[in-house]
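Trainee:
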């Protein structure tokens, strides 16, 4: 089979992973990124066992794990700081083959870009149009024109590829709450356990990064586009400064100019992730709220599944139909589950909050872990199963 060419639109985690997976199967790849360089603006990222399994397929799991931190335990606490549930990372690793690893998004992106030939990375290449004439695919971008055998739209929530070929698809929808993300300076005594604290219409979580730093995130139910009257750091202190330990100390260790704020959106379900020889991947296909920490994890799964479906067949369109059948039901189910968890976490009516917290406190850890099996127990197509229901009992 002659060498085939793939154009990946979007140089984020999913797009780079897809490029790596295809490149290692003999494809000639180019990654078109509209930004002037391949970089990630953000803070921490959680890679659950399913994501690490995808990275294992790419040959990058060990390298990525070395960049991150593994906490012994984590869980959920109430507004008074009392534990509602806890998860043992060692038990996650036993059941699903990998622990939960947290690292900085920029470190993950760097590991992915270094796994590709430098000449395949094309920053400053914003895409203006995608044409699928059946026999000929054409991608117009700032650097010129590409005519690949395959186009992968990995260009995020407001995907240009999706707009071009799915013009009637519904746009992004606001989840009802905004989010702040930040990373502390190194702490002399960082917390030994991570947690998400559930309040009324607000949450704040923290987890370890390498070097004594902590990644923190917070949410509050606010109208879309609501602006803080002062700095975002001052807004965080106003809303969360009196929350239980270790929140005050963590916020005190955050540089005042290092707080990121974004309203949270997801994507209504698409009827298909593919059109001919064009496939959507990651947020472009199934943007979800971050409540399960599965956005990037699902993009990594998409990438290795896409490459597997294309492996050894000249029928690109047929392979993409298989990719759609494998990925769409799973990712859309996880997106619904994430949205539901977010709605529960953002409850503000006191009786509902009390019922939520009581139910979480009374749910056995074993049941919580078992409920995570459909998400975390994923294995790449063709791979042996690493966690079974019997092992999870």
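In our numbering, the protein residues as written are 3 to 395.
By construction, the Cβ of each residue, glycine as well, lies at the ideal position given by its N, Cα and C atoms.
These figures come from a predicted structure and were not determined experimentally.
Please list, in chain order, all residues of the same chain as residue 40 whose beta carbon is under 7 angstroms from its beta carbon, the five residues on each side excluded.
Mentor: 13, 111, 115, 123 and 125
Trainee: Which one or two residues does DSSP pair with residue 199 in a beta bridge?
Mentor: 79 and 206
Trainee: Just how far apart, CA to CA, sit residue 256 and residue 186?
Mentor: C-alpha separation (whole angstroms): 4 angstroms.
Trainee: Using 8 angstroms as the cut-off, can you tell me whether the segment 301 to 317 makes contact with the segment 64 to 73, which would need three or more C-beta pairs spanning the two stretches below that distance?
Mentor: The segment 301 to 317, when compared against the segment 64 to 73, does not touch it at the 8 angstroms Cβ threshold.
Trainee: Could you pull the DSSP bridge partners for residue 35 from this structure?
Mentor: 125
Trainee: Hey, residue 242 and residue 220 are a contact pair by Cβ (cut 8 angstroms); roughly how many whole angstroms apart?
Mentor: The beta carbons of residue 242 and residue 220 sit about 6 angstroms from each other, so the pair counts as a contact at 8 angstroms.
Trainee: Would you tell me roughly how many angstroms separate the C-alpha atoms of residue 18 and residue 352, rounded to the nearest one?
Mentor: 44 angstroms
Trainee: Pair every Cβ in the segment 343 to 362 with every Cβ in the segment 281 to 299, then say whether three or more of these pairs are closer than 8 angstroms.
Mentor: yes
Trainee: Would you call residue 238 buried or exposed, if buried means 16 or more other Cβ atoms sit within 10 Å of its Cβ?
Mentor: buried
Trainee: So if DSSP puts residue 155 in a beta bridge, which residue, or which two residues, is it bridged to?
Mentor: 11 and 282
Trainee: Using the DSSP secondary-structure output, state which residues sit across from residue 268 in a beta bridge.
Mentor: 175
Trainee: Are the CB atoms of residue 303 and residue 53 nearer to each other than 9 angstroms?
Mentor: In this structure, residue 303 lies near residue 53, with their beta-carbon atoms less than 9 angstroms apart.
Trainee: Output the boundary residues of the alpha helix (DSSP H) element that contains residue 98.
Mentor: 91 to 98
Trainee: Distance check for residue 166 and residue 271, CA to CA, integer angstroms please.
Mentor: 17 angstroms
Trainee: Determine the burial state of residue 191: buried for a count of at least 16 other Cβ atoms within 10 Å of its Cβ, exposed for fewer.
Mentor: exposed
Trainee: How many Å lie between residue 395 and residue 50 at the Cα?
Mentor: Confidence is the limiting factor: at residue 395 the pLDDT is only 40, short of 50, which leaves the residue's position unreliable and the question unanswerable from this model.
Trainee: Beta strand (DSSP E) containing residue 222: first to last residue?
Mentor: 216 to 222
Trainee: Contact defined as beta carbons within less than 8 angstroms: I believe residue 214 pairs with residue 252. What is the distance between those atoms, to the nearest angstrom?
Mentor: Incorrect: roughly 12 angstroms between the Cβ atoms, too far for contact.
Trainee: Taking Cβ to Cβ, would you say residue 97 is nearer than 9 angstroms to residue 371?
Mentor: Their beta carbons are under 9 angstroms apart, which means residue 97 touches residue 371 by this criterion.
Trainee: What is the C-beta distance between residue 155 and residue 281, in whole angstroms, given that I count them as a contact (C-beta under 8 angstroms)?
Mentor: 7 angstroms
Trainee: Would you report the Cα separation of residue 366 and residue 169, rounded to the nearest angstrom?
Mentor: 46 angstroms
Trainee: Do residue 203 and residue 108 have their CB atoms nearer than 9 angstroms?
Mentor: Result no, Cβ atoms of residue 203 and residue 108 do not sit closer than 9 angstroms.
Trainee: Apply the 10 Å Cβ neighbour rule to residue 150 and answer buried if 16 or more other Cβ atoms are within range, or exposed otherwise.
Mentor: In summary, residue 150 is buried, with 16 or more beta-carbon neighbours lying within 10 Å of its beta-carbon over all protein chains present.
Trainee: When burial is assigned at 16 or more other CB atoms within 10 Å of the CB, is residue 360 buried or exposed?
Mentor: exposed
Trainee: Tell me the rounded alpha-carbon separation between residue 375 and residue 94.
Mentor: Spanning the two alpha carbons is a distance of roughly 10 angstroms.
Trainee: Spatial neighbours of residue 393 within its chain, please: C-beta separation below 7 angstroms, excluding the five flanking residues on both sides.
Mentor: Confidence at residue 393 is low in this model, with a pLDDT of 36, below 50, so its placement is unreliable and the value that follows should be read with caution. Within the same chain, residue 393 has close Cβ partners 97.
Trainee: Per DSSP, which one or two residues make a beta bridge with residue 185?
Mentor: 217
Trainee: Given a threshold of 16 other Cβ atoms within 10 Å of its Cβ, counted over all protein chains shown, does residue 82 qualify as buried or as exposed?
Mentor: exposed
Trainee: Quick check on residue 297: does DSSP put it in helix, strand or coil?
Mentor: Assignment of residue 297 by DSSP, reduced to helix, strand and coil, places it in the helix class.
Trainee: Is the beta carbon of residue 288 sitting closer than 9 angstroms to the one on residue 300?
Mentor: yes
Trainee: From the DSSP output, in three-state form, read off residue 382 for me.
Mentor: coil
Trainee: Could you tell me whether the Cβ atoms of residue 236 and residue 180 are closer together than 9 angstroms?
Mentor: no
Trainee: On the three-state DSSP scale, how would you describe residue 47?
Mentor: strand
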